[in-house]
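To start, the structure itself, in structure tokens.
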Amino acid sequence: MRTPVFFDDRYPMIATAKHNGILAADGTPLKRSLARALRREKLRALILVMPLLIFVLLTFITPIANMLLRSIDNTIVGDTILYTVSDLNDWNGSDPPLPPENVFRSLYFDLFIAVETKRHTRLGSRLNYEQTGISSLFRRSGRKLDDIGKEIEKTLIASDARWTDGQTWFDLFAARNEGDADPELFDRQFLRIQRLQGELGNIDIDFMPSKSIAKALPLATREYTAWAIHTASIEGEDIAQTRPWESIPVALIYDMQQPDFAIEIKNWLSQSSPHPIEKLSTESIDYPLDFTDILRKIHKDWGDIEVWQTIKVHSNDYTSGYFLNAVDMRKSLDGPTIQPENKRILITLFIRTVQMSLIITLACILLGYPVAWLMANLPMRTANLLIILVLLPFWTSLLVRTSAWKVMLQQQGVINETLVWLGVVATDNRLEIINNQIGTIVAMTHILLPFMILPMYSVMQTISPSYVRAAKSLGANDWTAFLRVYFPQSIPGIGAGSILVFILSIGYYITPEIVGGTDGVFISNRIAYHISRSLNWGLAAALGTILLMVVLVLYWTYDRIVGIDNVKLG
Amino acid sequence: MRFTRTILAASVLALSAVAIAEEMTIVSWGGAYSKSQLKAYHEPWTEKTGIRVINDDSSAEAVAKLRAMNEADNVTWDVVDVVAADAIRLCDEGLALEIDPDKHLAQAPDGTPASKDFGDLLVSPCFIPQIVYSTTFGYRTDMVGDNPPTDICAIFDIDAYPGKRSLEKRPINNMEWALICDGVSKDDLYDVLATEAGQDRALKKLDTIKDHVVWWNAGADTPQLLADGEVVMGSTYNGRLFSVIEEQKQPVAMLWDAQVFDLDGWIIPTGLSEERTQRALDYIYFATDTQRLADQAKYISYGPARNSSAPLVGKHSELNIDMAPHMPTDPDNAKNTILYNYEFWADYRDDIDAKFQAWLAQ
């Protein structure tokens, strides 16, 4: 009998552990010491996998997450026409039949900055996905927007030549001293430009708007501040030496026409050195500034209620619009509505993708199973030769293999020629086995077959032949022995192969593109189109997200029915 | 010891060689087209400046990739070859540099400023035109009997020309041809196509041959289909047909009727360093002068974009045949032409493409 260590006086430290836990050799509690050792171990393991982890995170997870986020991201509208979007909130979309004047006014100035920063056509393309014609509406409006400003500029310069000077404008809007500064207005405009242009960083801008002039000329001060921030940070020019955009004279005249102007400007002038603004008589500023009218003259579509409804519906920073589009619906004022019939295609493609992937998986099982069985049951040397034959296609480019199928399957191709030569089909009645679903299924089954055979083979290799022998010695015939003894043991291989093949084929697009014709293409072909041609990345992201979800749901179902533990890769 | 020293010396040498040999990445379409640019532009340019040119065959995805590069703030391309429609889009998005033709491009030999020499082809302030190409039809001479087609509407005439046709798997050009053959005059074309009824009308016309069409995605498809006798006629870029007819000597002939003119040319991406921008501008100045543009026609049958280059177009470099009659702009070929409508398709592409694809899937 051995005495328990606790009571052995050769281990005094362990003996004392009765009171404060077991202690290690150096006197620290064993628990802590163990944890430390384990932590070190874990840390070492983590350091070892860290490069891979960082690599995967940077090159795989981040870009995918970033791409998926685009499916709901709609900040471009609010970033580009900030004030218009907030003013549009007060319009219910149908009554009155056009948004009120203040919306048009906001749009004029929003659009002006967007044109100067080259963001307006980007917004045009975004909204053109929803309504045809908006792209050119924005582009054309962009070209004519400064016409009215130029006219007003001429009037100003006619009254005093100093208006040509950047300094004149600077003196008007810049704060005269610390107390007069309006940092809030500055910050708001800074954010506005930042939303348009991206991070501006820490730049020194030698301008702060004046509080007192902002009272007299609120719109012009706002627009001048935005201009100043843009000019100083992006163009890197000296604000005081540069003449502002033509939108600022427009804003100036608008402000001067407002009732409060007369009093406020007197306040400002009383504390200021003389400025050319004094000379602007009421007649010279009597310029008809109806922004609804101005914009409708620039392009008649600004009088189209549908354009405004589209902008209003798609003005939120986050949108369900792309997801709705991805399932053949669209966002409208009355909530989600179904697309007109002649534009519905995506659901059809989703269903077809899943259906054809299932067919391809099934074909792979049927063709691959005997091969895998043969490989598992042949002597090693012959089996190795077969494995090389199975792997051979892997060493040939995917494109080459697919193109080879073209040569095989086309109407003047090898198969048809042979059949005609044999007299099986008439020469004017050749089989159509490419540029349709058959072409896609044949070519993809061939390409994906190794992914089915290899897991099957590795599972079958582990099945001991003695089971089948035992079954036979107990009186089972070949068929029963296979069906009740061998086959159940090979199911994990089928499961693994099927998951591989199905998931690979559901996202395939090169092969369907080349041999699929019109009815053999997959949803991924549309995703590729929207990524590289139409540039509708939001819709592509929504389609991709749905595809990912479909795969996950099917995977989950598979797990519930077959059990993922039943999947073996070897 | 001596061995390590040799290696060290060699690597220092290699490193300095890398530092000296300047490189620029030029993006184009690949294949015979890139080869013609290599011969006509890149090789003389490298000879003159010592700057090595790296080719990247990514023009088909240029807009998407440039947008991604711009978002990542890492533009790796110096000069990009794109079609005019893409150049307009890139310019719109601020992804391409605006060019002043008279400042940045060479004069014609007789002193005509570049803006006049290129004329109407300067369709965007960012776009430097290089060639005029056309999308047109080729047909198998041995499959049409004694009745070779001369009219675009032959593609819709299944009785006279039985067999398959290959058409591009997109609405652009196909819709126009369908409407023309449905009796719409060229002047009204886009007014009709802008309406829902007009689009239906075009699709209905295409419906009549839908079962007889092989749809292509890549410009190389139709030449292959024609060469294999899979189709009796098919649309593609005229340069591709030239190589099937003259280089591969296949029994194929051109159907120039209602060919659609389009432009291809250079843009310089924005977001390059000043040094790289200047180098790209230098390249453009060099590669788009009168002689250089005419030189390209020695290797491929696309028309030079400068008026002053046309008289300089000579013989093919290897086949030694006159290139002028093979140009889409040759008066004999250009009797009935359509000009790609950039403005229209910029607006209607998304909408009509969705309808077209839905129609295809039916």
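Just so you know, the sequences run in chain order A and G. For the first sequence, position 463 (counting from the first letter as 1) is numbered 495 according to this note's numbering, and the numbering increases by one without interruption. For the second sequence, position 236 (counting from the first letter as 1) is numbered 1042 according to this note's numbering, and the numbering increases by one without interruption. Beta carbons: idealized from backbone N, C-alpha and C, even for Gly. Fair warning: this is a prediction, and the values are worked out from it, not measured in the lab.
| Check | Outcome |
| --- | --- |
| Are the beta-carbon atoms belonging to D1070 (chain G) and I937 (chain G) less than 7 Å from one another? | yes |
| Determine the chain A residues that contact K1141 (chain G) at a beta-carbon separation under 7 Å, and present them in chain order. | Per Cβ cutoff of 7 Å: no residues; K1141 (chain G) is ~31 Å from chain A at best. |
| At 8 Å on the CB atoms, spell out the chain A contacts of L1166 (chain G), in chain order. | T550 |
| Note the first and the last residue of the continuous beta strand (DSSP E) segment covering R779 (chain G). | Examination of residue 779 (chain G) is not possible in this model, given that chain G is present from 807 through 1168 alone. |
| Taking all protein chains shown into account, do 16 or more other C-beta atoms lie within 10 angstroms of the C-beta of S505 (chain A), making it buried, or fewer, making it exposed? | exposed |
| Just the chain A side, please: which residues come within less than 7 Å of Q1163 (chain G) by C-beta, in chain order? | I377 |
| Compare the C-beta of A870 (chain G) with all C-beta atoms of chain A and state if any pair is closer than 7 Å. | yes |
| Of the choices A:S138, A:I79, A:I330, whose alpha-carbon is the least far from that of R175 (chain A)? | A:I330 |
| Can you list, in chain order, the residues of the segment 977–1010 of chain G whose Cβ is nearer than 7 Å to any Cβ on chain A? | none |
| Return no unless some Cβ of chain A is closer than 7 Å to the Cβ of A838 (chain G). | no |
| With Y140 (chain A) as the anchor, note down where its beta strand (DSSP E) starts and where it stops. | From DSSP, Y140 (chain A) is part of no beta strand (DSSP E) but of the alpha helix (DSSP H) over 133–148. |
| From what residue to what residue does the alpha helix (DSSP H) around G268 (chain A) run? | Note, G268 (chain A): premise wrong, no alpha helix (DSSP H); not H, not E. |
| Going by DSSP in three states, I826 (chain G) sits in which element: helix, strand or coil? | Model confidence at I826 (chain G) stands at a pLDDT of 49, short of 50, so the residue's coordinates are unreliable; what they give is reported in the following sentence. Looking at I826 (chain G) - three-state DSSP - the assignment turns out to be helix. |
| Just curious, the alpha helix (DSSP H) that E183 (chain A) is in, first and last residue? | 179–191 |
| Looking only at its own chain, which residues have a Cβ that is under 8 Å from the Cβ of E133 (chain A), when we skip the five neighbours before and after it? | D322, F323, T324 |
| For I593 (chain A) and I391 (chain A), I'd like the C-alpha separation in whole angstroms. | 19 Å |
| Can the beta-carbon of T428 (chain A) be found less than 7 Å from the beta-carbon of I546 (chain A)? | no |
| Drop a sphere of 10 angstroms on the beta-carbon of T196 (chain A), count the other beta-carbons inside from all chains shown, and report buried for 16 or more, exposed for fewer. | exposed |
| In whole angstroms, what is the alpha-carbon distance linking A503 (chain A) and S530 (chain A)? | 28 Å |
| Closer than 8 Å, Cβ to Cβ, to anything on chain G: give me those residues from the segment 509–536 of chain A, in chain order. | none |
| Quick check on R154 (chain A) - is its C-beta less than 7 Å from some C-beta in chain G? | yes |
| Sort A:A258, A:S118, A:T393, A:F144 by Cα distance to D179 (chain A) and report the nearest one. | A:F144 |
| So, is G455 (chain A) buried or exposed, given that buried needs 16 or more other C-beta atoms within 10 angstroms? | exposed |
| At a Cβ cut of 7 Å, what residues of the segment 953–978 of chain G count as close to chain A, listed as they run along the chain? | none |
| Give a yes or no on whether the minimum CB-CB distance between A825 (chain G) and chain A is below 7 Å. | In this prediction, A825 (chain G) scores a pLDDT of 46, lower than 50, which makes its location untrustworthy; no coordinate-derived value is stated. |
| Would you grab the beta carbon distance between E1052 (chain G) and I1127 (chain G) for me? Rounded to a whole angstrom, and I think it's under 8 Å. | 7 Å |
| Starting from the C-beta of F924 (chain G), find all residues in its chain whose C-beta is less than 7 Å away, skip the five residues before and the five after it, and write them out in chain order. | P907, P935, A1111, R1112 |
| Quick one: what's R362 (chain A) bridged to in DSSP? | A:T369 |
| Report yes or no: do the segment 864–880 of chain G and the segment 1048–1062 of chain G share at least 3 C-beta pairs separated by less than 8 Å? | no |
| Measure the Cβ-Cβ separation of P276 (chain A) and G181 (chain A) and say whether it is below 7 Å. | no |
| Quick check on the burial criterion: 16 or more other C-beta atoms within 10 angstroms. Buried or exposed for P497 (chain A)? | exposed |
| When Cβ atoms are compared, which residues of the segment 195–229 of chain A fall closer than 9 Å to chain G? | none |
| Report, in whole angstroms, the separation of the C-beta atoms of R208 (chain A) and S168 (chain A), which I expect to be a contact under 8 Å. | About 46 Å separates the two Cβ atoms, so there is no contact after all. |
| Quick one: using the 10 Å Cβ neighbour count with 16 as the cut-off for buried, is M581 (chain A) buried or exposed? | exposed |
| Looking at C-alpha atoms only, which residue of G:A1026, G:D862, G:N880, G:Q1065 is the closest neighbour of K1141 (chain G)? | G:Q1065 |
| So the alpha helix (DSSP H) W1165 (chain G) belongs to, where does it begin and stop? | 1148–1167 |
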